[in-house]
Amino acid sequence: MKYRVELRENDQCGDLIASPAANTRHPTLHRAWTAAMVDAKHCSTMLGVLVCIRVFDQFEQLAVTGRAAPNQRPPLQEEDPRQFR
């Protein structure tokens, strides 16, 4: 069965975000959802915004929805160049 995945910016499912999962073919909804979550987490972290996920079945019926929030990364610690001398 073919599923269509949409990743949209923010909680209100606004602008569509281009994603490798935009049109995906997976034999099960679970695999389509897993692939969509990986892409959504990546997009969310790269853009720094909440991403809304919507997965449609072959009849364009909304199968599942969800959200991915950006990963919080600690600030980079600058190394003292003198410590390597």
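Numbering-wise, numbering that gives the first Met the number 0 puts 20 at position 21 of the sequence shown, and it's gapless, one number per residue. In this text, a Cβ means the ideal position worked out from N, Cα and C, and glycines have one as well. Here the structure is a predicted model, which is why all the values come from computation and not from measurement.
DSSP, read as helix, strand or coil, puts residue 61 in strand.
For residue 28, no beta strand (DSSP E) encloses it; the enclosing alpha helix (DSSP H) starts and ends at 28-46.
Beta-bridge annotation (DSSP): residue 67 is paired with 50. Residue environment for residue 67: buried (at least 16 other C-beta atoms within 10 angstroms of its C-beta). Around the CB of residue 45, fewer than 16 other CB atoms lie within 10 Å, so the residue is classed as exposed.
Residue environment for residue 30: exposed (fewer than 16 other C-beta atoms within 10 angstroms of its C-beta). Remark: C-beta atoms of residue 39 and residue 50 approach each other more closely than 8 Å.
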